[in-house]
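S.K.: Supplied in structure tokens, the structure appears directly below.
Numbering (my numbering), first residue to last: 601 to 1037.
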């Protein structure tokens, strides 16, 4: 079967699932249409099968694959991998593509389909040591978390272990080496300079970022938004790293019989978790003990949350803690209040936005994540209603939108947000949907 035939089979599969699941939503035609549009989005508009048997999932409006985005873009397909072999082939092929790219350069966040030299900014090749495979070389801890997370999800939903190739193990080796090196960033060769751009689009101090002290956590140059970190220890990304290191250790032990490397992953996980609890937890005068968003290990903190995932809001969804964890509950109360500089309330919606988008714009991703991490059925239903009312009548998800005028938004459609919305709808039981519809 050639690539075009595989693509046709993939589209047929996702359309079939969307129609089947959409029948649960017939009482609300707009919800049904929006769900179906969002469910098929990744497969129909951002996926290619490659001649080497792998898959390439690009962001949609940018012709590059982000390690983070592409992983999240397939989240809603995971429950159907067993039933639909073409979906299984696509996700397996994406995992292989991730491993290939990580082995090329674990510091890059986004890659080209081919070694063609295309990039976000041509000057970056002179100032960031980029290669022709790389669309952008912003180093983000979460970019290395998501491929391991996706591998764990593949095993969970399929029970198959065919993804554990030699290249996958080599990617694990690269991840461990980078995360261990970046525990002491002063020893790292990584730098990122971009000319003629806002401060959030490059790193200070000659491209090395602001100084940090040792904490046990691993340093990140940029956030999941691709904005530069103010302080180099990005707490939610370190939490995600701790979660996937546990999975990685199990894979190394069970799939590769490499006890030494498994123990290496476990030791790193322990150091990161201890660093989070020692340096990332601070007493707030209103909410008590909360997690900071960023710290430098030198006594400086950034108290906020960003819509992009991993975020502090997303911690239970990532598997770092439970929804009822006391520090998480305090942190959630903080970031869903005006003490978070990127929490906005308007006449049409309230929620978390990002410095990446205009002031008073909140993100559909953060509204979905608020729902996915909520233990309150009323809150979950209310958020579903808000999301449907703030799509600008497009029946797909956007990046950010104005809290008082949802017709003003960034990105006409956003594949990552579309996938998470479809995933959110699928998380509702029939009983919950009856109350929402």
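Glycine included, every Cβ here is placed at the ideal spot set by N, Cα and C.
1. Between residue 712 and residue 690, what straight-line distance do the alpha-carbon atoms span, to the nearest angstrom?
2. By Cβ distance below 8 angstroms, which residues in the same chain neighbour residue 850 in space, the five residues on each side in sequence not counted?
3. Are residue 738 and residue 826 closer than 8 angstroms when you measure CB to CB?
4. DSSP three-state label for residue 1015, please.
5. Between the alpha carbons of residue 894 and residue 1002, how many angstroms are there, rounded?
6. Taking Cβ to Cβ, would you say residue 1018 is nearer than 8 angstroms to residue 638?
7. Under three-state DSSP, which class holds residue 895?
8. Pop quiz: residue 830 and residue 819 are said to be a contact at Cβ under 8 angstroms. What is the actual Cβ separation, rounded to whole angstroms?
9. Taking C-alpha atoms, which residue in 632, 601, 642, 627 lies nearest to residue 1013?
10. Assuming residue 573 contacts residue 999 under a Cβ cut-off of 8 angstroms, what Cβ separation, rounded to an integer in Å, is found between them?
11. Determine whether the beta carbon atoms of residue 710 and residue 665 lie at a separation below 8 angstroms.
12. Mind checking who residue 674 pairs with in its DSSP beta bridge?
13. Please state whether the Cβ-Cβ distance between residue 910 and residue 840 is less than 8 angstroms.
14. Thinking C-beta only, is residue 777 closer than 8 angstroms to residue 734?
15. What would DSSP say about residue 944, mapped onto helix, strand or coil?
16. Which residue spans inside the stretch 695 to 753 form an unbroken alpha helix (DSSP H) run of at least 4?
17. Taking three-plus beta-carbon pairs below 8 angstroms as touching, is the stretch 607 to 617 in contact with the stretch 642 to 653?
18. To which residues of the same chain is residue 726 closer than 6 angstroms at the C-beta, ignoring the five residues directly before and after it?
19. Below 8 angstroms on the Cβ atoms is my contact criterion, and I expect residue 857 with residue 913 to pass it. Report the Cβ-Cβ distance as a whole number of Å.
20. Output needed for residue 1016: all residues of its chain with C-beta closer than 8 angstroms, excluding positions within five of it in sequence on either side, in chain order.
21. I'd like to know if the stretch 972 to 982 and the stretch 1028 to 1035 are in contact, where contact means that at least 3 CB-CB pairs between them fall below 8 angstroms.
22. Tell me, which residues are paired with residue 656 by DSSP?
23. Excluding sequence positions up to five away, which residues of its chain have a Cβ less than 8 angstroms from the Cβ of residue 878?
24. Report the rounded CA-to-CA distance for residue 809 versus residue 677, giving the unit in angstroms.
25. Beta-carbon separation of residue 599 and residue 930 under 8 angstroms?
26. May I ask you to report which of helix, strand or coil DSSP gives residue 961?
27. Helix, strand or coil for residue 803 per DSSP?
28. When DSSP labels each residue in this structure, what does residue 923 get in the three-state scheme?
29. Which first and last residues belong to the beta strand (DSSP E) in which residue 881 is found?
30. Within 10 angstroms of its Cβ, does residue 1020 collect 16 or more other Cβ (buried), or is it exposed?
31. Under DSSP, the alpha helix (DSSP H) around residue 617 begins and ends at which residues?
32. Hey, how far is the Cα of residue 887 from the Cα of residue 902?
M.R.: Reading off the structure:
1. 18 angstroms
2. 862
3. yes
4. helix
5. 26 angstroms
6. yes
7. strand
8. Not a contact, Cβ separation roughly 13 angstroms.
9. 642
10. This structure cannot settle anything about residue 573, because the visible part of the chain is limited to 601 through 1037.
11. yes
12. For residue 674, which the question treats as bridged, DSSP gives no partner whatsoever.
13. yes
14. no
15. strand
16. 724 to 727
17. yes
18. Caution applies to residue 726, whose pLDDT of 49 falls short of 50 and renders its modelled position unreliable; the model cannot decide the point.
19. About 38 angstroms; that fails the 8 angstroms criterion.
20. 659, 669, 672, 673, 965
21. yes
22. 648
23. 815, 816
24. 37 angstroms
25. With the chain covering only 601 through 1037, there is no way to say anything about residue 599.
26. strand
27. coil
28. coil
29. 881 to 884
30. buried
31. 603 to 622
32. 16 angstroms
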